[in-house]
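Engineer: The listed protein sequences derive, respectively, from chains A and B. Straight run, no breaks: the first sequence in my numbering ends on number 543. Straight run, no breaks: the second sequence in my numbering ends on number 287. Using N, Cα and C, we set each Cβ at its ideal position, and we do this for glycine too. Everything numeric in this text was worked out from a predicted model, so none of it was measured. Have a look at this one.
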Amino acid sequence: MNAQWARAFAMLPDRLAAHLGVSAAALALAMLVAVPLVLAMATRPRLRGPVLAVASVVQTIPALALLALFYPLLLLVSAATQRLAGFGVPALGLLPSLLALALYALLPLLRGGADGLASVPPETLDAADGIGMSRAQRLFQVELPIAAPIVMGGLRVAAVWTIGAATLATTVGQKSLGDLIFAGLQIEDWALVVTGCLASALLAIIVDAALGLAETGLAVRRWGKALLGLTLLAALTVGVVGWYWQGRAPQGSQRAVVVGAKNFGEQFILAALIADELKAQGQPVTIRSGLGSAVAFRALAAGDIDVYVDYSGTLWEAALSRKDSVPRARMLAELRTQLPAQHKVQVAAALGFENAYALAMRRADAERLGIRSLADLAARAPGLRLATDLEFQSRAEWAAIKAAYGLNFARLTAYTPTLMVRALKDGEADVITAFSSDGRIAADDLVLLTDPRGALPAYDALLLVGPRRPDLAGRLAGLEGRIAVEAMREANWQVDRDTDKQTPGQAAAWLARKVRLGAR
Amino acid sequence: MQRRAAQSAVMDAAPPALDYAGVRVLRGGVPTIDDVSLSIAAGQLVALTGASGAGKTTLLRLANRLVAADAGNVRLGGEDVATQAPAQLRRGIGYASQGVGLFPHWTVAENIAAVPGLLGWDAAARRAKVAEMLDLVELPRSFAERLPAQLSGGQASRVGLARALAAAPPLLLLDEPFGALDPETRAALGNRLEALHRERRFTALLVTHDLADALLRAERVVVMEAGRIVADATPAELVRSVHPAVRALVDAPLAQAQRLAALQARKAPA
Numbered sequence: 024m025n026a027q028w029a030r031a032f033a034m035l036p037d038r039l040a041a042h043l044g045v046s047a048a049a050l051a052l053a054m055l056v057a058v059p060l061v062l063a064m065a066t067r068p069r070l071r072g073p074v075l076a077v078a079s080v081v082q083t084i085p086a087l088a089l090l091a092l093f094y095p096l097l098l099l100v101s102a103a104t105q106r107l108a109g110f111g112v113p114a115l116g117l118l119p120s121l122l123a124l125a126l127y128a129l130l131p132l133l134r135g136g137a138d139g140l141a142s143v144p145p146e147t148l149d150a151a152d153g154i155g156m157s158r159a160q161r162l163f164q165v166e167l168p169i170a171a172p173i174v175m176g177g178l179r180v181a182a183v184w185t186i187g188a189a190t191l192a193t194t195v196g197q198k199s200l201g202d203l204i205f206a207g208l209q210i211e212d213w214a215l216v217v218t219g220c221l222a223s224a225l226l227a228i229i230v231d232a233a234l235g236l237a238e239t240g241l242a243v244r245r246w247g248k249a250l251l252g253l254t255l256l257a258a259l260t261v262g263v264v265g266w267y268w269q270g271r272a273p274q275g276s277q278r279a280v281v282v283g284a285k286n287f288g289e290q291f292i293l294a295a296l297i298a299d300e301l302k303a304q305g306q307p308v309t310i311r312s313g314l315g316s317a318v319a320f321r322a323l324a325a326g327d328i329d330v331y332v333d334y335s336g337t338l339w340e341a342a343l344s345r346k347d348s349v350p351r352a353r354m355l356a357e358l359r360t361q362l363p364a365q366h367k368v369q370v371a372a373a374l375g376f377e378n379a380y381a382l383a384m385r386r387a388d389a390e391r392l393g394i395r396s397l398a399d400l401a402a403r404a405p406g407l408r409l410a411t412d413l414e415f416q417s418r419a420e421w422a423a424i425k426a427a428y429g430l431n432f433a434r435l436t437a438y439t440p441t442l443m444v445r446a447l448k449d450g451e452a453d454v455i456t457a458f459s460s461d462g463r464i465a466a467d468d469l470v471l472l473t474d475p476r477g478a479l480p481a482y483d484a485l486l487l488v489g490p491r492r493p494d495l496a497g498r499l500a501g502l503e504g505r506i507a508v509e510a511m512r513e514a515n516w517q518v519d520r521d522t523d524k525q526t527p528g529q530a531a532a533w534l535a536r537k538v539r540l541g542a543r
Numbered sequence: 018m019q020r021r022a023a024q025s026a027v028m029d030a031a032p033p034a035l036d037y038a039g040v041r042v043l044r045g046g047v048p049t050i051d052d053v054s055l056s057i058a059a060g061q062l063v064a065l066t067g068a069s070g071a072g073k074t075t076l077l078r079l080a081n082r083l084v085a086a087d088a089g090n091v092r093l094g095g096e097d098v099a100t101q102a103p104a105q106l107r108r109g110i111g112y113a114s115q116g117v118g119l120f121p122h123w124t125v126a127e128n129i130a131a132v133p134g135l136l137g138w139d140a141a142a143r144r145a146k147v148a149e150m151l152d153l154v155e156l157p158r159s160f161a162e163r164l165p166a167q168l169s170g171g172q173a174s175r176v177g178l179a180r181a182l183a184a185a186p187p188l189l190l191l192d193e194p195f196g197a198l199d200p201e202t203r204a205a206l207g208n209r210l211e212a213l214h215r216e217r218r219f220t221a222l223l224v225t226h227d228l229a230d231a232l233l234r235a236e237r238v239v240v241m242e243a244g245r246i247v248a249d250a251t252p253a254e255l256v257r258s259v260h261p262a263v264r265a266l267v268d269a270p271l272a273q274a275q276r277l278a279a280l281q282a283r284k285a286p287a
C-alpha cells in the first residue's frame with residue numbers, strides 16, 4: 024500500500040505542472056478569442072444571440088468527445104499543411120487538448136462578458152456619453168469596471184471547468200493529472216485515483232480562490248488582498264514555466280522513443296516491458312499511456328507515438344476496415360503485409376498470446392456438466408444463465424457465436440464488468456463473457472470455453488512499430504512469441520488484485536524475468 | 018433698467034447660445050421632432066415642458082448630439098453641432114438627467130471631477146473644484162470619499178448637478194434632473210438651481226413635465242405637443258394663453274392651487 028502511495032506521489036509533480044500548464048494555456052487562448060467577441064457583442068447586440076448559441080452548442084458536446092474529435096481533425100489539417108507548406112501539425116498531445124479545452128472555456132467567458140456588459144445601468148451609459156467620454160473611455164472607465172464582478176465570475180467558472188476537463192486530455196496523449204486517474208481506474212489502484220482527483224480539485228479551488236481574491240481586492244481597492252491573489256497566480260505561473268525550462272534543458276538532440284499504451288492494465292504492463300527492453304538497449308524512452316482506443320493506432324501511423332501493442336481483431340476492423348471473419352493465421356499474415364502497405368506500420372512481433380472475447384464458466388460447473396467448448400455449451404444452454412458485459416450483446420462476436428452454435432440461454436443479463444464477475448461468484452449466472460488474458464481466469468479458477476468452429480475472431484497481441492522509427496522493429500523482434508497467455512494473465516492479476524497489488528512497472532519486471540527477456 | 022437694455026443689445030448682436038432651425042427627427046419614418054425652430058439667448062433659463070412623448074427629451078438631446086437631426090440644423094454659439102466631434106462637444110456642455118447615472122464604482126469626488134478629468138486638469142485643480150462644487154450644491158465636503166451607493170436620492174441628484182457644473186460650461190442641459198425625488202427635496206434642489214443660475218448666468222435648457230416648476234423658475238417656457246412647439250412665452254403670458262393644449266396644461270395646476278387656497282380659507286376661522 025505504501026509503495027502505491029509512493030508511486031502516486033512520484034507521478035504527481037510532473038503531471039501537476041503539465042496539468043496547470045495546459046489549463047492556463049487553454050484559458051489564455053479562450054480569452055484571446057472571447058475578448059474581441061464580447062466587445063463585438065457590446066457594440067452590436069444582435070450578435071449576442073448567435074454567438075452565445077454557438078458557444079452553448081459546443082458546451083453540449085461531452086468534453087471527452089470534443090477532445091477525441093480534434094485528433095482526426097488535426098490529422099487532416101496536418102496532411103493539408105504537409106502538402107501545401109511542407110510541415111505537419113502535431114495532432115496528439117498539447118495542441119488538440121489546448122483547442123478542445125479552450126472551446127470548452129469559451130461559453131462561461133462569453134456569457135460572463137456579455138451579461139457583465141449588459142448589467143451596466145442605461146442611465147450610467149447615458150451619463151458617460153452625455154459628459155463626453157469617447158467610446159474607449161466609456162468601455163474602459165465605466166463599462167468594464169462595472170461589469171468586472173460578472174466577467175470575473177465567468178472567468179472563475181471557466182478556470183474551474185478547464186482544470187477539471189484537463190484531466191481528460193490524457194486520452195489524446197497530453198500529460199495531465201488524468202494520467203493518474205485513468206491509470207488508477209483501470210487497474211483499480213485507488214491511491215492513484217484519489218491522488219489525481221484531489222490534486223485536480225485542490226488546484227481548481229486554489230486558482231478559483233486566487234482569482235476571487237484578486238477580483239474583490241481590485242474592486243474594493245484592498246490592495247493587500249489583490250496582491251495576495253495576484254501573487255498566488257504568479258507563483259503558479261512561475262512554477263509551470265520553471266518546470267518546462269527544467270524539463271526542456273537536459274534533452275539532447277535525439278528524441279526519445281515514445282511508447283504508447285491504451286487505457287487498461289495489460290497495456291500499461293506491456294508498455295513498461297517494451298520501455299525496459301529499449302532502455303536496456305540504450306534508447307531514451309518516454310511512455311504515453313491512457314490513449315483512447317480509437318486514437319492509438321492513428322497516433323502510431325502519424326508518428327506521434329513510435330510503438331505500442333494492439334490486437335489483431337481490432338486492427339482488422341479499425342485499420343484495414345475489414346468486416347469478414349478469417350482464421351487466426353490468415354488474419355495475422357494479412358496484417359503483416361497490409362499494415363506496412365496501407366499505413367507504413369510494421370508488425371514487429373506477435374507476442375504469443377490473445378486477448379480475445381470468450382465465454383467462461385466456473386471450473387466445477389464446467390466439469391460437472393462436461394462442457395469444454397461452445398459446441399458442448401449449446402446443448403446445455405437452455406438450462407443456463409449468461410451474464411455479459413454491457414457491450415457484448417451488441418457486438419458482432421455475439422451474433423457470430425449464436426449463429427455458429429445455435430446458443431439459446433435460459434436468461435441473458437448485461438452487467439458492468441465488476442458486477443458480472445460478482446454475479447458468477449454469487450451463483451446468479453452460470454456463464455460470463457471474459458477476455459482470454461484476464462488475470463481473474465486463473466485466480467477465480469475459471470474455464471474458457473474453446474471455439475472449435477472458429478466463430479470468434481482472433482485478438483493476437485501484436486507489437487506495432489510506426490514509420491518514424493522503423494529500426495525499432497529489429498530491436499524488438501526478440502519478443503516474437505515470448506509471452507504465453509498464462510504469463511500475461513498472471514502479470515495482469517498482479518496489478519488487478521486488491522491484496523499485494525503491484526504497479527505495472529513491477530508486473531512488467533516480473534513478466535520479463537518470467538519469459539527470460541534480457542539479462543535481468 | 019438702462020443697464021439691462023444695454024446688455025440685451027449686446028446679446029442680440031452675438032449669435033444665440035443655442036439655435037434650432039427647421040429641425041426634424043424621424044423615428045421609424047414618424048417625426049418625433051417636426052420642423053422645430055427655437056433660439057435661446059446666452060444666459061437664459063428656458064423650461065421645456067409638455068406631455069410625455071411630446072419630444073422634450075429628444076429636443077434637448079439634439080443639442081449635445083446624443084440624437085442626430087434628420088433635417089435642419091442645431092447651432093451652438095453659431096456653430097453647427099453636426100460638424101463637431103461629439104465627445105469634445107459634450108465636454109463643453111453640462112448634462113444632468115433624471116436617472117442621474119453617477120458612476121457607481123467612482124467616489125463622489127471622482128464623479129464630480131469627471132469632466133475636468135476628461136479635459137486633462139491636474140489633480141490639484143480637480144481637488145479644488147470638487148471642494149467648490151460640494152459647497153455649491155450644499156453637500157458636506159466629507160462626502161467626497163463616499164460611493165454613490167452610500168447617498169440618498171437627493172444627495173445623488175446634488176452630485177449629478179455638481180458633475181454637470183464642474184467644468185463651468187456655458188450651456189447646461191437638464192433633463193428632469195430632479196424628477197425622481199420627493200416634492201420637498203425637489204423644491205429645495207429647484208431653488209438651489211435657480212440661485213445658481215442667478216449667480217452664474219449660464220444658459221440652461223430645463224426639461225420638466227411639472228408645469229408649476231416651469232412657470233415659477235424659468236424666464237421663458239416652451240410647450241411642446243407631438244413633436245412641435247405650441248407655445249413659447251414668458252410665464253406671465255403663458256398662464257393667459259388660449260391655446261387648448263396649453264390651457265389643458267396650465268389649468269390643472271391652477272385649479273389645484275385654487276382648491277388648496279380654498280381649503281386654507283375654510284380652515285382659517287376654526
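Can you list the residues of chain A that Q105(B) reaches, using a CB-CB cut of under 8 Å?
Structural biologist: Those are G155, listed as they occur along chain A.
Engineer: Please compile the residues from chain B whose C-beta is within a distance smaller than 9 Å of the C-beta of D138(A).
Structural biologist: Going along chain B, no residue has its Cβ under 9 Å from D138(A), so there is no contact; the nearest lies around 17 Å.
Engineer: Under DSSP, the alpha helix (DSSP H) around S79(A) begins and ends at which residues?
Structural biologist: Per DSSP, S79(A) belongs to the alpha helix (DSSP H) from R71 to T83.
Engineer: Could you spell out the range, first to last residue, of the beta strand (DSSP E) harbouring V42(B)?
Structural biologist: Per DSSP, V42(B) belongs to the beta strand (DSSP E) from L35 to R44.
Engineer: May I ask which residues mark the beginning and end of the beta strand (DSSP E) holding P48(B)?
Structural biologist: From DSSP, the beta strand (DSSP E) with P48(B) extends over V47 to I57.
Engineer: Give a yes or no on contact between the region 40-48 of chain A and the region 182-191 of chain A, applying the rule of three or more CB pairs nearer than 8 Å.
Structural biologist: Enough Cβ pairs lie closer than 8 Å, so yes.
Engineer: Are the beta-carbon atoms of L124(A) and T194(A) separated by less than 8 Å?
Structural biologist: Cβ distance not < 8 Å, so L124(A) and T194(A) don't count as in contact.
Engineer: Y334(A): which of R386(A), I424(A), L293(A) and A466(A) sits nearest, CA to CA?
Structural biologist: Measuring from the Cα of Y334(A), the nearest candidate turns out to be L293(A).
Engineer: Tell me the DSSP secondary structure of L62(A) in three-state form.
Structural biologist: In the structure shown, L62(A) sits in a helix (DSSP, three-state: H, G or I).
Engineer: With 16 other CB atoms within 10 Å as the buried threshold, where does R30(A) fall?
Structural biologist: Classification for R30(A): buried.
Engineer: Indicate whether at least one CB of chain A lies closer than 8 Å to the CB of F120(B).
Structural biologist: True, the Cβ-Cβ gap to chain A drops below 8 Å.
Engineer: Can you find a CB in chain B that lies within less than 8 Å of the CB of V165(A)?
Structural biologist: At least one chain B Cβ lies under 8 Å of V165(A).
Engineer: List, in chain order, every chain A residue whose beta-carbon is nearer than 8 Å to that of Y112(B).
Structural biologist: Within 8 Å Cβ-Cβ: A150, G153 and I154.
Engineer: Are the beta-carbon atoms of V238(B) and A229(B) separated by less than 8 Å?
Structural biologist: Not closer than 8 Å, so no.
Engineer: Which residues of chain A have a Cβ atom closer than 9 Å to the Cβ of V125(B), listed in chain order?
Structural biologist: Near V125(B) there are no residues of chain A at all, since even the closest Cβ is about 14 Å away, more than 9 Å.
Engineer: Compare the C-beta of L35(B) against all C-beta atoms of chain A and say whether one is closer than 8 Å.
Structural biologist: So, not an interface residue.
Engineer: List the residues of chain A whose Cβ lies closer than 7 Å to the Cβ of R217(B), in chain order.
Structural biologist: Going along chain A, no residue has its Cβ under 7 Å from R217(B), so there is no contact; the nearest lies around 19 Å.
Engineer: In chain order, what residues of the same chain have a beta carbon less than 7 Å from the beta carbon of A242(A), not counting five sequence neighbours either side?
Structural biologist: Closer than 7 Å at Cβ, skipping near neighbours: A171 and P172.
Engineer: How about the region 313-331 of chain A and the region 101-121 of chain A: do they share at least three Cβ pairs that are nearer than 8 Å?
Structural biologist: Yes, since at least three Cβ pairs between the region 313-331 of chain A and the region 101-121 of chain A fall closer than 8 Å, the two stretches touch.
Engineer: Taking DSSP's pairing of strands, which residues face K285(A) in a bridge?
Structural biologist: DSSP lists L314(A) as partners of K285(A).
Engineer: I need the straight-line Cα distance from D474(A) to T83(A), nearest angstrom please.
Structural biologist: Spanning the two alpha carbons is a distance of roughly 44 Å.
Engineer: Out of S54(B), A179(B) and E201(B), state which residue places its alpha-carbon closest to the alpha-carbon of R143(B).
Structural biologist: Answer by Cα proximity: A179(B).
Engineer: Is G136(A) near the ligand SAH, with its Cβ less than 7 Å from a heavy atom?
Structural biologist: Ligands displayed in this structure: none; no statement on the ligand SAH is therefore possible.
Engineer: In this structure, does DSSP put I464(A) in helix, strand or coil?
Structural biologist: Reduced to three states, the DSSP call for I464(A) is helix.
Engineer: Residues in the region 223-244 of chain A with C-beta within 9 Å of chain B's C-beta atoms, listed in sequence order?
Structural biologist: Answer in chain order: A242.
Engineer: For A481(A) versus G375(A), is the C-beta spacing smaller than 8 Å?
Structural biologist: For A481(A) and G375(A), no; Cβs fall outside 8 Å.
Engineer: With the cut-off set at 8 Å, would you say L98(A) and Y331(A) are in Cβ contact?
Structural biologist: In this structure, Y331(A) does not lie closer than 8 Å to L98(A) by Cβ.
Engineer: So with Cβ pairs under 8 Å, would you call T147(A) a contact of chain B?
Structural biologist: Yes, T147(A) lies at the interface with chain B (some Cβ there is under 8 Å from its Cβ).
Engineer: So if DSSP puts E242(B) in a beta bridge, which residue, or which two residues, is it bridged to?
Structural biologist: E242(B) is bridged to R245(B).
Engineer: State yes or no: is the beta carbon of I169(A) nearer than 8 Å to at least one beta carbon in chain B?
Structural biologist: Chain B contact via Cβ: present.
Engineer: Taking all protein chains shown into account, do 16 or more other C-beta atoms lie within 10 angstroms of the C-beta of F432(A), making it buried, or fewer, making it exposed?
Structural biologist: With 16 or more other Cβ atoms within 10 Å, it is buried.
Engineer: By DSSP, does T309(A) sit in helix, in strand, or in coil?
Structural biologist: Here T309(A) sits in strand by DSSP.
Engineer: DSSP puts V330(A) in a beta bridge; with which residues?
Structural biologist: In the DSSP output, where bridge partners are listed per residue, V330(A) has V282(A) and V488(A).
Engineer: Cα-Cα, which of V42(B), G67(B) and G134(B) is closest to L266(B)?
Structural biologist: Ranking V42(B), G67(B) and G134(B) by Cα distance to L266(B) puts G67(B) first.
Engineer: What three-state label does DSSP hand A282(B) in the structure shown?
Structural biologist: Note: A282(B) maps to helix in three-state DSSP.
Engineer: Can you tell me which residues form a DSSP beta bridge with V165(A)?
Structural biologist: V165(A) is not bridged to any residue.
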